[in-house]
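Q:
2 protein chains.
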Amino acid sequence: MPDTTMPDSTLSGTGLPAQSATALDVTGWTCPAPLRDRPRVVMGHGGGGALSAELVQHLFAPAYGGEALAQLGDSAALSLGGARLAFSTDSYVVRPLFFPGGSIGDLAVNGTVNDLAMSGARAAYLSCGFILEEGVEMSVVAGVARALGDAARAAGVEVATGDTKVVEAGHGDGIYVNTAGIGLIPDGVDLRPQRVVPGDVVIVSGEIGLHGVAIMSVREGLEFAVDVESDCAPLGGLVDAMLAVTPDLHVLRDPTRGGMAAALNEIAAASGTGVVIREGAVPVPDAVANACAILGLDPLYVANEGKLVAFVPREHADAVLEAMRAHPMGRRAAVIGEAVESHPGLVVARTGLGGTRVVDLPIGEQLPRIC
Amino acid sequence: MPDTTMPDSTLSGTGLPAQSATALDVTGWTCPAPLRDRPRVVMGHGGGGALSAELVQHLFAPAYGGEALAQLGDSAALSLGGARLAFSTDSYVVRPLFFPGGSIGDLAVNGTVNDLAMSGARAAYLSCGFILEEGVEMSVVAGVARALGDAARAAGVEVATGDTKVVEAGHGDGIYVNTAGIGLIPDGVDLRPQRVVPGDVVIVSGEIGLHGVAIMSVREGLEFAVDVESDCAPLGGLVDAMLAVTPDLHVLRDPTRGGMAAALNEIAAASGTGVVIREGAVPVPDAVANACAILGLDPLYVANEGKLVAFVPREHADAVLEAMRAHPMGRRAAVIGEAVESHPGLVVARTGLGGTRVVDLPIGEQLPRIC
Chain A
1 MPDTTMPDST
11 LSGTGLPAQS
21 ATALDVTGWT
31 CPAPLRDRPR
41 VVMGHGGGGA
51 LSAELVQHLF
61 APAYGGEALA
71 QLGDSAALSL
81 GGARLAFSTD
91 SYVVRPLFFP
101 GGSIGDLAVN
111 GTVNDLAMSG
121 ARAAYLSCGF
131 ILEEGVEMSV
141 VAGVARALGD
151 AARAAGVEVA
161 TGDTKVVEAG
171 HGDGIYVNTA
181 GIGLIPDGVD
191 LRPQRVVPGD
201 VVIVSGEIGL
211 HGVAIMSVRE
221 GLEFAVDVES
231 DCAPLGGLVD
241 AMLAVTPDLH
251 VLRDPTRGGM
261 AAALNEIAAA
271 SGTGVVIREG
281 AVPVPDAVAN
291 ACAILGLDPL
301 YVANEGKLVA
311 FVPREHADAV
321 LEAMRAHPMG
331 RRAAVIGEAV
341 ESHPGLVVAR
351 TGLGGTRVVD
361 LPIGEQLPRI
371 C
Chain B
1 MPDTTMPDST
11 LSGTGLPAQS
21 ATALDVTGWT
31 CPAPLRDRPR
41 VVMGHGGGGA
51 LSAELVQHLF
61 APAYGGEALA
71 QLGDSAALSL
81 GGARLAFSTD
91 SYVVRPLFFP
101 GGSIGDLAVN
111 GTVNDLAMSG
121 ARAAYLSCGF
131 ILEEGVEMSV
141 VAGVARALGD
151 AARAAGVEVA
161 TGDTKVVEAG
171 HGDGIYVNTA
181 GIGLIPDGVD
191 LRPQRVVPGD
201 VVIVSGEIGL
211 HGVAIMSVRE
221 GLEFAVDVES
231 DCAPLGGLVD
241 AMLAVTPDLH
251 VLRDPTRGGM
261 AAALNEIAAA
271 SGTGVVIREG
281 AVPVPDAVAN
291 ACAILGLDPL
301 YVANEGKLVA
311 FVPREHADAV
321 LEAMRAHPMG
331 RRAAVIGEAV
341 ESHPGLVVAR
351 TGLGGTRVVD
361 LPIGEQLPRI
371 C
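In the order they appear, the protein sequences are chains A and B.
All residue numbers for the first sequence refer to UniProt numbering, where the first residue is 1 and numbers rise by one.
All residue numbers for the second sequence refer to UniProt numbering, where the first residue is 1 and numbers rise by one.
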């Protein structure tokens with residue numbers, strides 16, 4: 001009879017019985033070199049930057065198998081029953097739950113809907129899982145659920161299935177939400193960084209940095225008065241308008257965690273082309289610029305939740321820009337740079353003074369739990 | 001300029017700025033009568049019983065809109081691109097992370113795969129979202145990810161997309177996992193409780209109570225020595241074998257949280273038929289019976305993670321039972337009762353002494369965080 005009377009001593013508060021450590025050793029996992037500096041999870045592993053990428057590349061992808069490796073981007077393009085589907089998930093742990101311009105409920109819809117839109121897919125159905133902390137007020141749960149339902153209706157997506165779990169007080173933070181979404185990818189649309197070629201024009205759909213600055217302005221210990229609301233919004237309609245000009249867009253990304261810097265670096269790395277942007281061309285609202293100056297932040301690294309960056313073949317760039325500006329979600333769209341043959345894999349910014357600087361992939365997110 | 005300098009005082013540790021309470025009041029949510037007794041979330045709201053059902057019926061379904069109301073079962077049956085899809089999600093918060101017979105990684109695959117199988121769908125793709133607690137050992141994350149990948153390969157499902165968030169130490173419990181899954185529903189298959197009619201035969205696929213007792217045996221403060229492992233396993237193959245006999249099965253359910261009692265009550269309530277089971281016919285292993293006797297529990301209320309209960313038209317019952325017993329996941333399958341015209345919506349057990357007792361829908365789960 002196996003000894004299943006495990007002691008209740010735990011490893012680092014994980015609820016993991018101590019003797020399971022031995023069981024884990026037996027599985028023969030050897031910590032890959034890039035992860036060895038950090039034997040424990042740090043906040044940056046959830047920041048959407050270099051640490052997140054390491055975790056996916058060296059831990060999750062090998063565990064899940066080869067196919068998944070290429071797919072663990074914003075969303076996966078799948079074939080099922082003869083249809084081309086986009087499938088994506090995100091968990092939302094933003095603090096506070098309600099912030100200027102939105103809530104965790106709005107984020108849980110728009111974040112996932114936008115990941116699908118970056119595949120060219122219009123979101124059709126969402127799943128929605130709540131992890132509630134014991135003791136949270138029912139009116140708060142109801143406020144989040146209503147915001148989520150309203151955002152789903154605004155985005156034209158149906159909440160089709162759900163789940164609720166409860167954890168003891170002290171093991172959560174009020175409400176965590178996960179959504180997964182599915183949608184159809186239109187025929188002829190094939191959006192991925194590997195399609196980027198030198199000469200592609202880089203277009204951003206509007207002013208950057210609003211979501212991150214809005215969250216920072218109400219974060220405990222950091223509050224400041226600023227006239228900024230999150231840009232949290234669904235981008236499916238804007239993407240439809242762009243694809244109506246030409247299905248031949250090369251890649252779209254919504255610059256969330258890690259901001260424009262992370263989005264552009266991911267595209268540069270996956271495409272093997274260089275990217276040059278003109279700092280002066282990037283639309284940064286004064287309030288964001290001022291907040292960043294005070295906090296010592298770079299707007300290129302601040303999160304957005306209702307913007308996209310597009311790499312567009314040069315011959316279509318003018319028409320796509322015009323279509324974006326004609327859409328409510330793209331009125332401030334602007335050309336900010338281009339893909340280049342030089343410095344493959346690297347993102348470079350031309351500064352106002354005529355110099356250049358490298359825009360690195362951030363290590364983590366400047367502010368934890370931004371989404 | 002709006003005042004966005006919210007104070008950092010919080011409501012009940014939710015991270016919600018106090019003044020947002022006012023904003024919530026403004027939304028005009030009136031707590032529905034059935035929820036008024038509990039103005040705050042309690043553990044039972046995540047238990048899969050009456051409290052969970054109240055939350056879905058009176059809070060989530062009204063927030064999400066009419067369509068979702070009927071769909072918030074184990075999985076939703078959808079139409080997309082001409083295909084019939086099953087779509088389902090679950091979050092997993094089980095403690096401890098590793099237990100006799102499995103881990104949170106195995107559960108995260110099999111729980112969602114089995115929800116899809118209850119629609120007759122073979123799971124094709126999974127999404128996977130991790131919420132990690134700062135400080136958890138990377139080897140533990142790797143152990144869970146490997147278990148998850150192995151379970152996915154065993155179930156024949158591909159992990160297609162993922163996400164990782166990190167929360168501060170003290171705001172999680174090592175690892176929470178969410179998976180969502182999609183699969184195709186075969187033509188001619190229409191599994192739902194509304195199809196149950198009096199005379200249907202109730203078949204269970206094997207011995208019940210193993211998952212719940214295995215978890216209890218290693219739960220802090222409750223450890224006891226018992227030769228029981230979780231039955232956590234994928235049921236897609238067994239369901240395929242049953243559907244090969246006839247696509248005309250009426251309903252399938254996997255009795256997880258809340259056990260057989262919750263599954264049978266949900267079916268009775270949704271179908272409007274009565275259900276009678278013979279206690280002596282329900283396969284309960286001695287070790288489960290003994291543990292339940294000591295703990296004062298009823299095996300009908302204990303969670304399973306690799307069993308199903310089927311309502312089968314009487315003319316197909318013998319052939320379906322035979323096919324189940326020929327499959328590795330159904331060797332101990334047994335007829336345990338039938339659907340009846342009397343006592344509509346009620347589940348009744350015939351006891352060994354010739355008496356009868358009502359098997360109520362549980363309020364919550366006997367043991368929190370069983371999955």
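All residues carry an ideal CB built from backbone N, CA and C; glycine is no exception.
1) Does any residue of chain A have a CB that is nearer than 7 Å to the CB of residue 410 (chain B)?
2) Please work out which residues of its chain come closer than 7 Å, Cβ to Cβ, to LEU284 (chain B), disregarding the five sequence neighbours upstream and downstream, and give them in chain order.
3) Excluding the five sequence neighbours on either side, which residues of its own chain have a C-beta within less than 6 Å of the C-beta of VAL288 (chain A), listed in chain order?
4) Quick one: complete alpha helix (DSSP H) runs, 4+ long, within the UniProt domain "PurM-like C-terminal" (198-343) of chain B?
5) Please determine, among B:SER91, B:GLY101, B:ARG153, the residue with the shortest C-alpha to C-alpha distance to GLY129 (chain B).
6) Alpha carbon to alpha carbon, how far is GLU168 (chain B) from SER139 (chain B)? Give it in angstroms, no decimals.
7) So is ALA319 (chain A) in contact with chain B if we call contact Cβ pairs under 7 Å?
8) Which residues in chain B sit within 7 Å of VAL167 (chain A), going by Cβ to Cβ distance?
9) I think ALA83 (chain B) touches LEU184 (chain B), with their Cβ atoms under 8 Å apart; what is that distance to the nearest whole Å?
10) Tell me, please, whether the CB atom of ASN290 (chain A) is closer than 7 Å to any CB atom in chain B?
11) I need the boundaries of the beta strand (DSSP E) containing LEU184 (chain A), first residue and last residue.
12) Could you give the distance in angstroms between the alpha-carbon of GLU269 (chain A) and the alpha-carbon of ARG257 (chain B)?
13) Using only CA atoms, which one of B:GLU266, B:MET260, B:ASN290, B:VAL141 lies nearest to GLU305 (chain B)?
14) Would you call the region 186-204 of chain A and the region 345-360 of chain A touching, i.e. three or more CB-CB distances under 8 Å?
15) For ARG195 (chain A), which of helix, strand or coil comes out of DSSP?
16) Mark VAL358 (chain B) as exposed unless 16 or more other C-beta atoms lie within 10 angstroms of its C-beta, in which case mark it buried.
17) Find the residues of chain B that neighbour HIS45 (chain A), judging by a C-beta separation of less than 8 Å, and give them in chain order.
18) Looking at the structure shown, is THR164 (chain B) part of a helix, part of a strand, or coil, going by DSSP?
19) Closer than 9 Å by beta-carbon distance: list the chain B residues that pair up with ILE294 (chain A), in chain order.
20) Does the beta-carbon of ALA142 (chain B) have 16 or more other beta-carbons within 10 angstroms, so that it is buried, or is it exposed?
21) For ARG278 (chain B), collect the residues of the same chain with a Cβ closer than 8 Å to its Cβ; drop the 5 residues on either side in sequence, then sort them by chain order.
22) Say whether chain B places a C-beta atom closer than 7 Å to the C-beta of GLU54 (chain A).
23) What residues of chain B sit near residue 372 (chain A), judged by a beta carbon separation below 8 Å?
24) Would you tell me roughly how many angstroms separate the C-alpha atoms of ILE175 (chain A) and ARG314 (chain B), rounded to the nearest one?
25) When you compare only the Cα positions, how much space is there between GLN366 (chain B) and GLU229 (chain B)?
26) Check for me: the alpha helix (DSSP H) holding LEU59 (chain A) runs from which residue to which?
27) In the DSSP assignment, find the unbroken beta strand (DSSP E) run with GLY351 (chain A) in it and report its ends.
28) Check the Cβ of TYR59 (chain A) against every Cβ in chain B and list those closer than 8 Å, keeping chain order.
29) Counting Cβ pairs, one atom from each stretch, are 3 or more of them under 8 Å apart for the region 115-123 of chain B and the region 223-240 of chain B?
30) Just curious, the beta strand (DSSP E) that SER79 (chain A) is in, first and last residue?
31) Quick one: does VAL213 (chain B) have its CB under 7 Å from some CB of chain A?
32) Going by DSSP, what residue range makes up the alpha helix (DSSP H) through GLY105 (chain A)?
33) For ILE131 (chain A), which residues does DSSP report across the bridge?
34) Quick one: what's got a C-beta closer than 6 Å to GLU158 (chain A)'s C-beta in the same chain, skipping five residues either side?
35) Comparing alpha-carbon positions, which option in B:GLY272, B:PHE98, B:ALA50, B:ASN114 lies nearest ALA180 (chain B)?
36) Is ASN178 (chain B) close to chain A, meaning its C-beta is less than 7 Å from at least one C-beta of that chain?
A: Inspection of the coordinates gives the following:
1) A question about residue 410 (chain B) goes unanswered here, because the residues of chain B that appear run from 1 up to 371.
2) First, the residue type needs correcting, since residue 284 (chain B) is Val and not Leu in the sequence shown. Closer than 7 Å at Cβ, skipping near neighbours: GLU207, ILE208, GLY209, PRO299.
3) GLY209, VAL213, PRO299
4) 210-218, 236-245, 259-271, 286-295, 317-325
5) Comparing Cα positions, the closest option is B:SER91.
6) 19 Å
7) no
8) VAL93, ASP173, ARG369
9) 6 Å
10) no
11) 175-184
12) With the sequence shown as reference, residue 269 (chain A) is identified as Ala, and Glu is not the correct amino acid for it. Roughly 45 Å between the two C-alpha positions.
13) B:MET260
14) no
15) helix
16) Exposed.
17) For HIS45 (chain A), the C-beta contacts it makes with chain B under 8 Å involve LEU132, THR164, VAL166, in order along the chain.
18) strand
19) None at all; the shortest Cβ gap to chain B is about 14 Å.
20) Residue environment: ALA142 (chain B) is assigned as buried (16 or more neighbouring CB atoms within 10 Å of its CB, all protein chains considered).
21) ILE336, GLY337, ALA349, ARG350
22) By this cut-off, GLU54 (chain A) is not an interface position.
23) This structure gives no information on residue 372 (chain A), because the portion of chain A shown stretches from 1 to 371.
24) The straight-line gap separating the alpha-carbon atoms of ILE175 (chain A) and ARG314 (chain B) is approximately 46 Å.
25) 18 Å
26) No alpha helix (DSSP H) contains LEU59 (chain A), which DSSP labels as neither H nor E.
27) Correcting the residue identity first, residue 351 (chain A) is Thr in this sequence and not Gly. THR351 (chain A) -> no beta strand (DSSP E), and no H or E assigned at all.
28) First, the amino acid is wrong: residue 59 (chain A) is Leu here, not Tyr. Ordered by position in chain B, the residues that pass the 8 Å Cβ test against LEU59 (chain A) are MET138, VAL141, ALA142, ALA145.
29) yes
30) It spans 76-80 - the beta strand (DSSP E) in which SER79 (chain A) sits, taken as one unbroken run.
31) In terms of beta-carbon proximity, VAL213 (chain B) stays away from the interface with chain A, with every pair separated by 7 Å or more.
32) 104-117
33) In DSSP, ILE131 (chain A) forms a bridge with A:LYS165, A:TYR176.
34) TYR125
35) B:ASN114
36) yes
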